[in-house]
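For reference, the structure is listed below as C-alpha cells.
Number of protein chains: 2
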Amino acid sequence: MQTGLEPKKRNLYEQVYLSIKNAIVNGEFLPGQKLAEAKIADQLETSRTPVREALRRLEREGLVTFIPSQGAEVTPLSKGTMAGLFECRAALEGLAARKAVAHISKEELSGIEESLLLASHFLEMGDLKKVIEKNTYFHDVIILSSKNPPLQQMMEQIRTQILRYRRINSKIGFRSYFLAEHKEIFQAIVNRDADKAEELMKNHVLSDLNHLLTGLSFLD
Amino acid sequence: MQTGLEPKKRNLYEQVYLSIKNAIVNGEFLPGQKLAEAKIADQLETSRTPVREALRRLEREGLVTFIPSQGAEVTPLSKGTMAGLFECRAALEGLAARKAVAHISKEELSGIEESLLLASHFLEMGDLKKVIEKNTYFHDVIILSSKNPPLQQMMEQIRTQILRYRRINSKIGFRSYFLAEHKEIFQAIVNRDADKAEELMKNHVLSDLNHLLTGLSFLD
DNA sequence: ATTTTTATAACTGTATACAATCCGTCATGT
DNA sequence: ACATGACGGATTGTATACAGTTATAAAAAT
Numbered sequence: 001m002q003t004g005l006e007p008k009k010r011n012l013y014e015q016v017y018l019s020i021k022n023a024i025v026n027g028e029f030l031p032g033q034k035l036a037e038a039k040i041a042d043q044l045e046t047s048r049t050p051v052r053e054a055l056r057r058l059e060r061e062g063l064v065t066f067i068p069s070q071g072a073e074v075t076p077l078s079k080g081t082m083a084g085l086f087e088c089r090a091a092l093e094g095l096a097a098r099k100a101v102a103h104i105s106k107e108e109l110s111g112i113e114e115s116l117l118l119a120s121h122f123l124e125m126g127d128l129k130k131v132i133e134k135n136t137y138f139h140d141v142i143i144l145s146s147k148n149p150p151l152q153q154m155m156e157q158i159r160t161q162i163l164r165y166r167r168i169n170s171k172i173g174f175r176s177y178f179l180a181e182h183k184e185i186f187q188a189i190v191n192r193d194a195d196k197a198e199e200l201m202k203n204h205v206l207s208d209l210n211h212l213l214t215g216l217s218f219l220d
Numbered sequence: 001m002q003t004g005l006e007p008k009k010r011n012l013y014e015q016v017y018l019s020i021k022n023a024i025v026n027g028e029f030l031p032g033q034k035l036a037e038a039k040i041a042d043q044l045e046t047s048r049t050p051v052r053e054a055l056r057r058l059e060r061e062g063l064v065t066f067i068p069s070q071g072a073e074v075t076p077l078s079k080g081t082m083a084g085l086f087e088c089r090a091a092l093e094g095l096a097a098r099k100a101v102a103h104i105s106k107e108e109l110s111g112i113e114e115s116l117l118l119a120s121h122f123l124e125m126g127d128l129k130k131v132i133e134k135n136t137y138f139h140d141v142i143i144l145s146s147k148n149p150p151l152q153q154m155m156e157q158i159r160t161q162i163l164r165y166r167r168i169n170s171k172i173g174f175r176s177y178f179l180a181e182h183k184e185i186f187q188a189i190v191n192r193d194a195d196k197a198e199e200l201m202k203n204h205v206l207s208d209l210n211h212l213l214t215g216l217s218f219l220d
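These protein sequence lines are chains A and B, in that order.
Each residue of the first sequence is one higher than the one before, counting from 1 in full-length UniProt numbering.
Each residue of the second sequence is one higher than the one before, counting from 1 in full-length UniProt numbering.
Okay, here's the thing in C-alpha cells:
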C-alpha cells in the first residue's frame, strides 16, 4: 500500500521481510508466538500477500515455523538446536578457513590484519560495539574468501539463527581470548597451513558455543 | 481448484511443489529455463498463488532462482557450484559420522549392517537400482543418528541439489569401491572411533565428487 | 458439575482482479 | 543504417474476495 506521501518503495515484500526478521531477532516477537497474517499486514499497512511471502522466506531461514492449516509461529529456542547450529557452524566455518588458505586475496588479508588491530584498539577503549563489529568482519571475510557460494548461503542462515541466542543473553561479555584466537587463525592462513586454520577455527567456534551455553541455563 | 470428481486433496501447494521439483530434478524443466507462474498454474490446473508459494520454497532449496521483477528460473548448473555443494556435504556428513559414533542406537547399527549385506548381494546380482537404494539408506541412517536437526535439514537441501548433477550423467556407473568404503566407515562407528569415522566419511564424499567430475566435462 | 454438541468467529488456503514493471517492437529522427 | 524513444503485450507484484478449516465458547444433555 502506497499513500503517495512516503518515498516510493519497490520490493514491498522485502521491507516486510526485514521488519518481521528484526522483530524476531530483537525479541519483540517472542519464541512460540503465533504470527497471524492479517494482524501483521495491518500493522505494516499492507496486504496479506507480501506478509505470506515474507513468512515463507523466514521459514527458510529457520526463524519461523509453519504448522499446516494453523499458520506460522516464531520458532522456539532450545539448547539442543543451538548446539546443533554451532556444530554445523564449526564444520562449515572450519571448511571456510581451509578454503580461504587457497583462495584469499592480498586485499582480503590486509583487511583482516587491519580489523584485528582496530579490534585490539577498541577493546582497550572499552568500545564493545565496535569490537563486535570487527569480530563479525573477521568471520565475514573468511567466509567470503572461501569462494564457495553454497557455503556462504548456509552460513548466512546459520548466523541469523545463532543471533537470536546471542541476543537473549547479551549480558554475557565476550571471552577475553577470542581476539587471540582470531590472530592465531589469521597467522595459520598467512602461513598457508590449511589443516591448522581449519582446526583452530573449529575450536574457536566450539569454544564460543561453550561460553554461550553457560549463560543459557534457563533454556530447554 | 477442485473439480469434485478427484479425491479431495489438502495442501494443494504441496502437490504443486512436488510436481515442479520432480520436473526440475528429472530434467523436464531445463537449467536456466524461465518459469512463468501463469503458465505453470494453467498446466497444473490451479491458480498462481500456490505456484508462487511452491516456487519460493524451491528457491529455498536452491532449485529455483528468483530475479526481481522478472520471476523465477530453474537454477543453472555449474561445476563450481557442484564442487561447493560436495565440499559442504563432506564437512557436514563428516560431522554426522562423528556424532553418530556417540548417538547411534543398536537398531540403527544393525539396520546399516543388514543394508551393507544386501547391497553386496544386489551388486553381485547386478541390480543397480537396489544397490543405489541401499547406498542411500546408509547415508540416511548416519545423518539421522547424528541427532542434530539443523544438520539434517541442511543435508536434505544439499542432497536434492546434488541429485540434479547425478541425473545429468547417469551414464556413469558408480565406483566399485564405494561399498568397501561404506564398510570401513561402519567399522569405525562400531569401534567408536569418531576421528576415523569423520575422516573416512569426508574422503568418501570427496571421492564421490571426483568421480562425478570426470563425467561432467561438458559443464561450465 | 461435567461432558457433548453446536454455532460462530477467526484464520488459513486458494482464486482472481488490479497495478506496476519490464521487454520487445516498431516508428521516428538523425 | 543506426540510435532513440514511444507504444503494447506479457508478466510480476499487490490487494482483495471467497471458500474451507480450525479453534472457541456458549448451550444443551447427561
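Where is the CB? At the ideal position from N, CA and C, for every residue including glycine.
Keep in mind it's a predicted model, so treat the numbers as computed, not measured.
| Query | Result |
| --- | --- |
| The segment 170-184 of chain A contacting the segment 99-110 of chain B, beta-carbon criterion three pairs below 8 Å | no |
| B/A102 beta carbon less than 8 Å from that of B/M201 | no |
| Residues that B/T65 bridges to, as DSSP identifies them | B/E73 |
| Cutoff 8 Å: residue 223 of chain A Cβ touching any chain B Cβ | Beyond the ends of chain A as shown, which are 1 and 220, falls residue 223 of chain A; an answer cannot be given. |
| Test: A/N11 CB closer than 8 Å to a CB of chain B | yes |
| The segment 76-88 of chain A touching the segment 73-87 of chain B, judged by at least three CB pairs closer than 8 Å | no |
| Cross-chain neighbours of A/P68 in chain B, by beta carbon under 7 Å | N11 |
| For A/N22, the nearest candidate out of A/A54, A/L128, A/K39 (CA to CA) | A/A54 |
| Proximal residues to B/I24 (C-beta, below 6 Å), its chain only, five neighbours per side dropped | L63, V74 |
| Per-residue contacts from B/T81 into chain A (C-beta, under 7 Å) | P149, P150 |
| Listed by chain order, chain A residues near B/E37 by CB distance under 9 Å | None at all; the shortest Cβ gap to chain A is about 13 Å. |
| Contact test: B/L30 Cβ vs the ligand FAD heavy atom, cutoff 7 Å | Here there are no bound small molecules, and the ligand FAD is not part of this structure. |
| Inter-residue spacing [alpha-carbon to alpha-carbon] between B/F186 and A/E93 | 26 Å |
| Straight-line gap, A/P76 to A/E28 (C-alpha atoms, nearest Å) | 14 Å |
| Contacts around A/G111, its chain only, beta-carbon distance under 7 Å, and the 5 residues preceding and following it disregarded | V141 |
| Where B/T214 falls, given that 16 or more other Cβ within 10 Å makes a residue buried | exposed |
| Status (buried if at least 16 other CB within 10 Å, exposed otherwise) for B/N135 | buried |
| Contact the segment 176-185 of chain A vs the segment 116-125 of chain A: 3+ CB pairs below 8 Å | yes |
| Inter-residue spacing [alpha-carbon to alpha-carbon] between B/Q157 and B/E61 | 5 Å |
| Exposure label - B/N191; buried when at least 16 CB within 10 Å | exposed |
| Integer Cβ distance of A/S78 from A/L209, believed to fall under 8 Å | At roughly 14 Å, the Cβ-Cβ gap does not stay under 8 Å, so A/S78 and A/L209 are not in contact. |
| Test item: CB-CB of A/R166 and A/L128 under 8 Å | no |
| Alpha carbon of B/V16 to alpha carbon of B/T46, nearest angstrom | 9 Å |
| B/Y137 - containing alpha helix (DSSP H), residue span | 128-145 |
| Where A/K202 falls: helix, strand or coil (DSSP) | helix |
| Proximity of A/R56 and B/R164 at Cβ, strictly below 8 Å | no |
| Residues, ordered as in the chain, of the segment 140-173 of chain A that lie near chain B by beta-carbon distance below 7 Å | N148, P149, P150, L151, M154 |
| Assigned secondary structure, A/T214 (DSSP; H/G/I helix, E/B strand, else coil) | helix |
| 8 Å CB neighbourhood of A/E113 in its chain, flanking five on each side removed | F186 |
| Chain B contact for A/R48 (CB, 8 Å cutoff) | no |
| Whole-angstrom distance between A/R89 and A/L5, CA atom to CA atom | Because A/L5 sits at a pLDDT of 36, beneath the cut-off of 50, its placement in the model cannot be relied upon, and the following sentence gives the value as read from the coordinates. For A/L5 and A/R89, the distance between alpha carbons rounds to 44 Å. |
| B/G94: contacting residues in chain A (beta-carbon distance under 9 Å) | A91 |
| Length at least 4, wholly inside the segment 91-128 of chain A: the alpha helix (DSSP H) runs in chain order | 106-125 |
| Partner residues on chain B for A/G84, Cβ-Cβ distance less than 7 Å | N148, P149, P150, L151 |
| Range covered by the alpha helix (DSSP H) that runs through A/A180 | 178-190 |
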